[in-house]
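If you want it as structure tokens, here you go:
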């Protein structure tokens, strides 16, 4: 029996000291489509992704290994990483869009050519498992990426308007949940919960909580000192959220922060009878309120149909009482 080849084990590269802004997107730009994690099993879905990119006024370019499959992954680790490396080295490609999440981005990190990536700053767009790339890029490449919809997301008006403002127009918007439109006397949708009111400033860093917790102790995370941490998740029972936040606390991340924003946590309820258990909001309150920094729950990002585009690494201001996020600098040049 032949043993499987192990990935490279070289230490993570060191990031440059200052944040670099990639060029903004412009109509007619070519953008690369990558699948760094899970695969897409229906070719029609990829056709819709390409049509979505065209509807943005951009030109899609498939990665060489797009639509491959290796178990539950979209190809072998070295091949998926090679697609990213190639697009960063390709001057015709102006940004990279992840088609979808799933699992597998963390497996790519040792294979990424950060010397090439750092030399050619380009936006990387996506969320969920793409968090591993966002945080590694923040730590080792030193330029802005966008935690926003994946290419296969629905890209409703709110999502598209937010992304266009950040990635095309270099604006500094204030993100606030839109008012609910339910046929109810009192709205439930779009509401926020404030754990500790107040305003804070710091650089935006974050993404999927499960992915962030899995990278603790690996050397692939940025320095969270003075940052505004934004996190979200899906299909996690409250006790699992509790466990991951405990890991961030014991690892020294939570105590360094200027503020915390918890986005959407789709289907994050206890499975089966939970009499006497904690709700998600109770778990969040237990962890976030004692930090003594502004913190709130419910911002519109995560595994939802419409979401904000949050640029990693840029300076921002949060208002935990109002539930707003204001960019203090543009994400692109």
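In UniProt numbering, the protein residues as written are 1 to 333. All residues carry an ideal CB built from backbone N, CA and C; glycine is no exception.
Next on the checklist: Which residues does DSSP list as the beta-bridge partners of residue 85?
Outcome noted: In the DSSP assignment, no residue is bridged to residue 85.
Item to check | Rounded C-alpha distance that separates residue 304 from residue 118 | outcome: Using only the alpha carbons, I get a separation of about 31 Å.
Item to check | Inter-stretch contact at 8 Å, needing at least 3 Cβ pairs: the segment 199-215 / the segment 227-246 | outcome: A contact exists between the segment 199-215 and the segment 227-246.
Checklist entry - Leaving out the 5 sequence neighbours to the left and right, which residues in its chain are closer than 6 Å to residue 321 when beta-carbon positions are compared? => result So the list reads 194, 197, once near-sequence residues are dropped.
Checklist entry - Per DSSP, what kind of secondary structure is residue 157 in: helix, strand or coil? => result Shown here, residue 157 sits in a helix according to DSSP, grouped into three states.
Checklist entry - Is residue 291 helix, strand or coil when you go by DSSP? => result Helix.
Item to check | Environment of residue 94 [buried if 16+ CB atoms lie within 10 Å] | outcome: Here residue 94 is buried. Its C-beta has 16 or more other C-beta atoms within 10 Å.
Next on the checklist: In this structure, how does DSSP classify residue 216 when only helix, strand and coil are distinguished?
Outcome noted: Assigned with DSSP and collapsed to three states, residue 216 falls in coil, not helix or strand.
Next on the checklist: If the criterion is Cβ atoms closer than 9 Å, does the pair residue 317 and residue 201 meet it?
Outcome noted: Yes; because the gap between Cβ atoms is below 9 Å, this pair is in contact.
Next on the checklist: Rounded to whole angstroms, what is the Cα-Cα separation between residue 164 and residue 53?
Outcome noted: Approximately 12 Å, taken between the alpha carbons.
Checklist entry - Does the ligand NAD have even one heavy atom less than 8 Å from the beta-carbon of residue 202? => result The model on display carries no ligand, and the ligand NAD is accordingly not part of it.
Checklist entry - Along the chain, which unbroken stretches of the beta strand (DSSP E) at least 3 residues long are found entirely within the segment 55-133? => result Counting only runs of 3 or more, we get 59-62, 93-98, 123-126.
Checklist entry - Can the beta-carbon of residue 301 be found closer than 9 Å to that of residue 263? => result Note that the C-beta distance between residue 301 and residue 263 is below 9 Å.
Next on the checklist: Assess contact between the segment 80-100 and the segment 140-154, defined as three or more Cβ pairs (one per stretch) separated by less than 8 Å. Is contact present?
Outcome noted: Touching, yes, given that three or more Cβ pairs across the two stretches are closer than 8 Å.
Next on the checklist: When you compare the CB positions of residue 314 and residue 203, do they come within less than 9 Å of one another, or not?
Outcome noted: Yes, the Cβ-Cβ distance between residue 314 and residue 203 is below 9 Å.
Item to check | Integer-rounded CB distance, given that residue 162 should sit under 8 Å from residue 175 | outcome: About 7 Å separates the two Cβ atoms, so the contact holds.
Item to check | Buried or exposed (CB count within 10 angstroms, at least 16 for buried), residue 138 | outcome: Using a 10 angstroms sphere on the CB of residue 138, the tally of other CB atoms reaches 16 or more, which defines it as buried.
Checklist entry - Given residue 120, which residues of its chain have a CB within under 7 Å of its CB, disregarding the five upstream and five downstream residues? => result For residue 120, where only same-chain residues beyond five positions count, the Cβ hits under 7 Å are 88, 89.
Checklist entry - In whole angstroms, what is the alpha-carbon distance linking residue 44 and residue 311? => result Answer to the nearest angstrom: the Cα atoms are 30 Å apart.
Next on the checklist: Less than 9 Å between the beta carbons of residue 333 and residue 91, yes or no?
Outcome noted: Not closer than 9 Å, so no.
Checklist entry - Given that a residue counts as buried once 16 or more other Cβ atoms are within 10 Å of its Cβ, and exposed if not, what is residue 267? => result Burial is judged here by how many other beta carbons sit within 10 angstroms of a residue's own beta carbon; residue 267 has fewer than 16 and is exposed.
Checklist entry - Residues in its own chain within less than 6 Å of residue 171 by CB, not counting five upstream and five downstream? => result Hits under 6 Å: 165.
Next on the checklist: Buried or exposed for residue 334, going by 16 or more other Cβ atoms inside 10 Å?
Outcome noted: The requested residue 334 does not occur in the structure, where the chain is confined to residues 1 to 333.
Next on the checklist: Taking the alpha carbon of residue 179 as the reference point, which residue from 299, 214, 71 has its own alpha carbon closest?
Outcome noted: It is 299.
Item to check | Assigned secondary structure, residue 20 (DSSP; H/G/I helix, E/B strand, else coil) | outcome: Strand, per DSSP.
Item to check | Opening and closing residue of the alpha helix (DSSP H) in which residue 241 lies | outcome: Unbroken alpha helix (DSSP H) run through residue 241: 238-250.
Next on the checklist: Which of the three DSSP states is assigned to residue 45 in this structure?
Outcome noted: It is helical.
Item to check | For residue 189, three-class secondary structure by DSSP | outcome: Looking at residue 189 - three-state DSSP - the assignment turns out to be coil, as it is neither helix nor strand.
Item to check | Inter-residue Cα distance where the pair is residue 108 and residue 65 | outcome: Answer to the nearest angstrom: the Cα atoms are 14 Å apart.
Checklist entry - In angstroms, rounded to a whole number, what distance separates the CA positions of residue 173 and residue 329? => result Taking the straight line from one Cα to the other gives about 9 Å.
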